[in-house]
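So the sequence shown is numbered by our numbering: it starts at 3 and just counts up by one. See below for the structure under consideration.
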Amino acid sequence: MTYETILTETRGKVGLVTLNRPQALNALNSTLVAELNEALDGYERDPGIGCVVITGSEKAFAAGADIKEMSGLSYPQTYLDDFITAWDKVAARRKPIVAAVSGFALGGGCELAMMCDFILASDTAKFGQPEIKLGVMPGAGGTQRLTRIVGKAKAMEMCLTGRMMDAAEAERSGLVSRIVPADQLVDEALKVAATIADMSLPIALMTKESVNRAYETTLAEGIRFERRVFHAMFATADQKEGMQAFVEKRPAKFANE
Ligand code: CO8
Numbered sequence: 003m004t005y006e007t008i009l010t011e012t013r014g015k016v017g018l019v020t021l022n023r024p025q026a027l028n029a030l031n032s033t034l035v036a037e038l039n040e041a042l043d044g045y046e047r048d049p050g051i052g053c054v055v056i057t058g059s060e061k062a063f064a065a066g067a068d069i070k071e072m073s074g075l076s077y078p079q080t081y082l083d084d085f086i087t088a089w090d091k092v093a094a095r096r097k098p099i100v101a102a103v104s105g106f107a108l109g110g111g112c113e114l115a116m117m118c119d120f121i122l123a124s125d126t127a128k129f130g131q132p133e134i135k136l137g138v139m140p141g142a143g144g145t146q147r148l149t150r151i152v153g154k155a156k157a158m159e160m161c162l163t164g165r166m167m168d169a170a171e172a173e174r175s176g177l178v179s180r181i182v183p184a185d186q187l188v189d190e191a192l193k194v195a196a197t198i199a200d201m202s203l204p205i206a207l208m209t210k211e212s213v214n215r216a217y218e219t220t221l222a223e224g225i226r227f228e229r230r231v232f233h234a235m236f237a238t239a240d241q242k243e244g245m246q247a248f249v250e251k252r253p254a255k256f257a258n259e
């Protein structure tokens, strides 16, 4: 499949999407968002894919929504077209998605990275929500996801001033899982994604769903949800295989059943 604004490839059981609008620092225009969703739809449907990596270039993961495309929109247009809603589909994917972020992840770029399940950052990564400098605020989850991830003080400061966070601060704040040297970022992300893709797919999906519950419900309700799903895992062949393999001191071979 050939796209205009992204590159896609499959590496074993991992789907790799590279945002590819270098002339605009991977600014997220409507074509890019549509193509990204189309590629992710394909990976969701493909039973051979267990995990997806989204990355950008060394200079920019994505410098935000495309300001040139957005600047002339009217309120009725944004409202009637339900502007931004398509973006949220990224967060609704069932298969795990890793964001591999190098360079700028600003505005919608930072929001896109936060829609993924976790972020691996290069040492050059810079995260920010600079929308206030454009006379707007984050509109694709930035005021909500960033606040839940890094807490009110940092989120408020970033959203109100547009200050960027470097990779070290992002790691200290829990925004990224790890920092990797820039020239090893994509390889490392693919390695982590391959590890995930080698697990049982249904178990990985249930695990993702359960962790995400922590953001959506009370602790008691989340614990109840976790317990029910944990119990259900004993109905899978992969639970039998995983535990049997441990007992027999051999690697597990999951059948996704
Ligand atoms: N949109 C459109 N074009 C962009 C964007 C952008 N977000 N960012 C960079 N570009 C373009 C520049 O216009 C320039 O193009 P040209 O060469 O034709 O002038 C090219 O990319 C290179 O950019 P710079 O020359 O500015 O590169 P620098 O290295 O000097 O600066 C920066 C890099 C600091 C990243 C700078 O480009 C910048 O500040 N960019 C804008 C960052 C920003 O404000 N992002 C937030 C956008 S608003 C947003 O994301 C709202 C999200 C809400 C949800 C959206 C739903 C659709």
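Heads up, the beta-carbon is just placed ideally off N, CA and C, and yes, glycines get one too. Here the structure is a predicted model, which is why all the values come from computation and not from measurement.
In this chain, Val100 is not harboured by any alpha helix (DSSP H); it is covered by the beta strand (DSSP E) spanning 99-103. Separation of Thr220 and Glu6 (C-alpha to C-alpha, rounded to the nearest whole angstrom) is 42 Å.
Relative to the ligand CO8, the nearest heavy atom lies less than 8 Å away from the CB of Lys135. Gly17 and Asp68 have their C-alpha atoms spaced approximately 25 Å apart. For the pair Asp83 and Thr209, the Cα-to-Cα distance works out to about 34 Å. A direct Cα-to-Cα measurement between Met235 and Lys91 gives close to 26 Å. With contacts defined as CB atoms closer than 9 Å, Phe129 and Val103 qualify as a contacting pair. In the three-state reduction of the DSSP assignment, Gly164 falls in the coil class. With contacts defined as CB atoms closer than 9 Å, Asp200 and Phe256 qualify as a contacting pair. Comparing alpha-carbon positions, the option among Arg47, Glu218, Trp89 lying closest to Ala142 turns out to be Trp89.
Taken through DSSP and simplified to helix, strand or coil, Ala115 comes out as helix. In the structure shown, Ala29 falls within a coil segment according to DSSP collapsed to helix, strand and coil. For Ser212, the enclosing alpha helix (DSSP H) stretches over residues 203-215. In this structure, the C-beta of Asp84 stays at least 8 Å away from each heavy atom of the ligand CO8.
Note on Lys156: 16 or more other CB atoms within 10 angstroms of its CB, so buried under the neighbour-count rule. By DSSP's assignment, Leu21 forms a beta bridge with Ile8. For Phe106, there is no enclosing alpha helix (DSSP H); the enclosing beta strand (DSSP E) covers residues 106-108.
Within the same chain, and ignoring the five residues on either side of Gly110 in sequence, the residues whose Cβ sits closer than 6 Å to its Cβ are Leu30, Gly66, Ala67, Ala142. Your pair Ala191 and Leu122 checks out as a contact, with CB atoms roughly 5 Å apart and the cut at 8 Å.
The ligand CO8 never approaches Val249 closely enough for any of its heavy atoms to be under 8 Å from the residue's Cβ.
Ranked by Cα distance from Val213, the first of Leu203, Val231, Ser202 is Val231. Contact between Ala169 and Asp125 holds, since their C-beta atoms are separated by about 5 Å, short of 8 Å.
Scanning its chain for C-beta atoms nearer than 8 Å, with the 5 sequence neighbours on each side dropped, one finds around Asn258 the residues Pro49, Ser202, Leu203, Pro204, Asp240, in chain order. With distances taken between CA atoms, Gln25 lies nearest to Lys70 out of Val152, Pro98, Arg229, Lys70.
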